[in-house]
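Some notes on the structure that comes next.
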């Protein structure tokens, strides 16, 4: 994911007066987000929490009283961008700026207090598992009470491996999710799309990955909390929800052990892999009542019918049961899309990565998915240049891409991350030039495959959830609009969205409509041409009005264009 500055406003004179009294109200915050969807959700929750306390948000970093950097540690490049921002603010502070700088998220947790010692311009640090403490840290700095380092830092540290009982008693981060103040103006697709967290952290310990160390043990939220949050979002106008977790299919909640003193269920540490062995899903012990991921999916689908599209990411190839695939097949509003990172086509490399599955097991899952869900779209992740990767290992990965024919793969060069087993135990012995060449080869191969997959949609009609306004096009040339165009030509505006299979699709806005009116709506589009990463088409029938529109199903893709616009 890229970075995104959160939207906001400025304080008024009345708020300034209050600010002088309290030191908090009216403070302007600039929040920049790096990394994955989980970080995007964290930033949304932080923004809502701080706004409820009187802070205001600005998109202009130079006008901010507080700058917060929500960081990512998965790849070195993301951390380098953060260090660049820290350096720029350090220069501004030496020139007299009084801005408060906070580093939050995974990089803060991974670096620990060494970061604040190395960069004294950093005023506070907060790990992803301690974000509920951010307002207290900010207030300490604003009121100049944070003399000690401990008053400016909140990190999980060695508390990331706690028992389920202790977690139930001490987990306060759940309150951040429960008290979510959803702001449609700052949300995706005009406020009609939202993320909902179902798990935090990870128990898998892939040798290249920092997530178990930065986000801690896998913590699963109570299913009632998740369903209630989805219901509240639907009441605010959200029609697309993406359930988030590092390994969503390993979600399982055992009812009973984790309860508060008033009998309310609390988050709990996820079980080990043995909970999934010998079955198509998660099993509880004898006498225990559990909710599996498949059961959670069905609950959200059935109990919140206002949600027209239900997605989830990211899936883990080990222990992905048929029960999930069957629920997807039976529930029309669950999108036919799976993100299944494989990382390598070599069993030897998969073992070194500690992925927990073989290539045959992975291919078995893909075959089962395509058998149960014939219209499923799949995507994955690949790492090239992992330690000791040979030319033979790499050729196996190329052969796997040809076998899978996924719509796309996210392909990355291996980057050793401090604190991981791969960095401490395996030599980073694949030369940079070899990594670059292999990365380029895979990108070229996947582009060819993606072009073929996208080309198969030409002539079909697909339902597109419109997310944003695209570029203007010159109606005469058919290309992007030039700086000067003939006066009698009306420039066309494109909008962009996604199919249920997560295929990016663009189309021109009908002449009688405004682009803004299409954002957050599901539009049937006949595909006329395609590229490696995009579909292009035309809406098959303009709507008479925004009201009284039927509901689209997740798998709809007709040949005759019989569906209609929906909201």
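In my numbering, the protein residues as written are 482 to 1048. By construction, the Cβ of each residue, glycine as well, lies at the ideal position given by its N, Cα and C atoms.
Assigned secondary structure, residue 695 (DSSP; H/G/I helix, E/B strand, else coil)
Your numbering for residue 695 matches position 214 in the chain shown. DSSP places residue 695 in helix when its eight states are reduced to three.
As an exercise, report each continuous beta strand (DSSP E) stretch of at least 3 residues that is fully enclosed by the region 792 to 833, in chain order.
818 to 820
Beta-carbon separation (whole angstroms), residue 983 vs residue 858, contact threshold 8 Å:
Stepping through the chain shown from its first residue, residue 983 is reached at position 502. Stepping through the chain shown from its first residue, residue 858 is reached at position 377. Indeed they touch by this definition, with Cβ atoms about 6 Å apart.
How about residue 1006 and residue 990: do their beta carbons lie closer than 9 Å?
Residue numbering aside, residue 1006 sits at position 525 when the chain shown is read from its first letter. Residue numbering aside, residue 990 sits at position 509 when the chain shown is read from its first letter. Going by C-beta atoms, residue 1006 is not nearer than 9 Å to residue 990.
As a quick exercise: from 630, 836, 868, 898, pick the residue whose alpha carbon is nearest that of residue 911.
Within the chain shown, numbered from 1, the residue matching residue 911 stands at position 430. With distances taken between Cα atoms, residue 911 lies closest to 868.
With a threshold of 16 other CB atoms inside 10 Å of the CB of residue 752, please say whether the residue is buried or exposed.
Residue 752 sits at position 271 when you count from the first residue of the chain shown. Counting Cβ neighbours within 10 Å, residue 752 comes out buried, since at least 16 surround it.
Backbone secondary structure at residue 941 - three-state DSSP
As a first step, residue 941 must be located in the chain shown, where it is residue number 460. Residue 941: coil per DSSP, three-state reduction.
Could you spell out where the alpha helix (DSSP H) holding residue 843 opens and where it closes?
Your numbering for residue 843 matches position 362 in the chain shown. Residue 843 -> alpha helix (DSSP H) spans 840 to 853.
Anticipated Cβ contact below 8 Å, residue 611 with residue 630, distance rounded
The sequence position of residue 611 within the chain shown is 130, counting from 1. The sequence position of residue 630 within the chain shown is 149, counting from 1. Not confirmed; about 15 Å, so no contact.
Beta-carbon within less than 8 Å of residue 835's beta-carbon, same chain only, minus the 5 sequence neighbours each way: which residues are those?
Walking along the chain shown from the start, residue 835 turns up at place 354. So the qualifying residues of the chain are 685, 686, 687, 688, 902.
Going residue by residue through the region 529 to 604, where are the continuous alpha helix (DSSP H) segments of at least 4 residues, counting only ones entirely within it?
557 to 575, 587 to 592, 594 to 599
Quick one: is residue 680 buried, meaning 16 or more other Cβ sit within 10 Å of its Cβ, or exposed?
Looking up residue 680 in the chain shown gives position 199. By the neighbour-count rule (16 or more Cβ atoms within 10 Å), residue 680 is buried.
Helix, strand or coil at residue 738 according to DSSP, with G and I counted as helix
Within the chain shown, numbered from 1, the residue matching residue 738 stands at position 257. Residue 738: coil per DSSP, three-state reduction.
What residue from 709, 666, 786 has the CA that sits closest to residue 720's CA?
For the purposes of this step, residue 720 is identified with residue 239 of the chain shown, where counting begins at 1. The shortest Cα separation from residue 720 among 709, 666, 786 belongs to 786.
According to the neighbour-count rule (16 or more other Cβ atoms, all chains shown, within 10 Å of its Cβ), is residue 789 buried or exposed?
In the chain shown, the residue the question calls residue 789 occupies position 308. Buried: at least 16 other Cβ atoms inside 10 Å.
So, at 8 Å on beta carbons, what are the nonlocal neighbours of residue 890 in its own chain, with the 5 sequence-adjacent residues on each side left out?
Residue mapping note: residue 890 aligns to position 409 of the chain shown, counting from 1. If we look at residue 890 and ignore the five residues flanking it on each side, its Cβ neighbours are 860, 861, 862, 863, 882, 923, 927.
Inter-residue spacing [alpha-carbon to alpha-carbon] between residue 866 and residue 709:
Here residue 866 corresponds to residue number 385 of the chain shown, with the count starting at 1. Here residue 709 corresponds to residue number 228 of the chain shown, with the count starting at 1. Roughly 44 Å between the two C-alpha positions.
Do residue 986 and residue 1015 count as a contact pair if the criterion is CB distance below 9 Å?
Position 534 of the chain shown, counted from the start, is the residue given in the question as residue 1015. Position 505 of the chain shown, counted from the start, is the residue given in the question as residue 986. It is a contact, given that the beta carbons lie within the stated cut-off.
Cutting at 6 Å between CB atoms, please list the residues of its own chain near residue 775, excluding the five before and the five after it.
Position 294 of the chain shown, counted from the start, is the residue given in the question as residue 775. The answer, listed in chain order, is 762, 804, 805, 808.
Determine whether the beta carbon atoms of residue 973 and residue 945 lie at a separation below 9 Å.
As a first step, residue 973 must be located in the chain shown, where it is residue number 492. As a first step, residue 945 must be located in the chain shown, where it is residue number 464. No, the Cβ-Cβ distance between residue 973 and residue 945 is not below 9 Å.
When you compare only the Cα positions, how much space is there between residue 844 and residue 917?
Counting from 1 along the chain shown, the entry for residue 844 is found at position 363. Counting from 1 along the chain shown, the entry for residue 917 is found at position 436. When rounded, the distance between both Cα atoms is 27 Å.
Between which two residues does the beta strand (DSSP E) harbouring residue 975 extend?
On the chain shown, position 494 is the one that residue 975 refers to. Unbroken beta strand (DSSP E) run through residue 975: 973 to 979.
To the nearest whole angstrom, what separates the beta carbons of residue 600 and residue 571, a pair I think is in contact under 8 Å?
For the purposes of this step, residue 600 is taken as the residue at position 119 of the chain shown. For the purposes of this step, residue 571 is taken as the residue at position 90 of the chain shown. About 7 Å; that satisfies the 8 Å criterion.
Neighbour-count burial assignment, residue 852, 16 or more Cβ in a 10 Å radius
Counted from its first residue, the chain shown places residue 852 at position 371. Exposed, by the Cβ-count rule.
Taking C-beta to C-beta, are residue 773 and residue 737 nearer than 9 Å?
Position 292 of the chain shown, counting from 1, holds the residue named residue 773. Position 256 of the chain shown, counting from 1, holds the residue named residue 737. Their beta carbons are not under 9 Å apart, which means residue 773 does not touch residue 737 by this criterion.
How would you call residue 822, buried or exposed, if buried means at least 16 neighbouring beta carbons within 10 angstroms?
Here residue 822 refers to the residue found at position 341 of the chain shown. Residue 822 is buried by the Cβ-count criterion.
C-alpha gap between residue 618 and residue 633, whole angstroms:
Residue mapping note: residue 618 aligns to position 137 of the chain shown, counting from 1. Residue mapping note: residue 633 aligns to position 152 of the chain shown, counting from 1. About 5 Å.
Nearest-angstrom Cα separation, counted from residue 728 out to residue 819:
Taking the chain shown and counting its residues from 1, one reaches residue 819 at position 338. Taking the chain shown and counting its residues from 1, one reaches residue 728 at position 247. Straight-line Cα distance between these residues: approximately 12 Å.
Terminal residues of the beta strand (DSSP E) in which residue 1049 lies
With the chain running from 482 to 1048 in the structure shown, residue 1049 is simply not present.
Pairwise C-alpha distance: residue 948 and residue 996:
As a position in the chain shown, residue 996 is number 515, starting the count at 1. As a position in the chain shown, residue 948 is number 467, starting the count at 1. About 11 Å.
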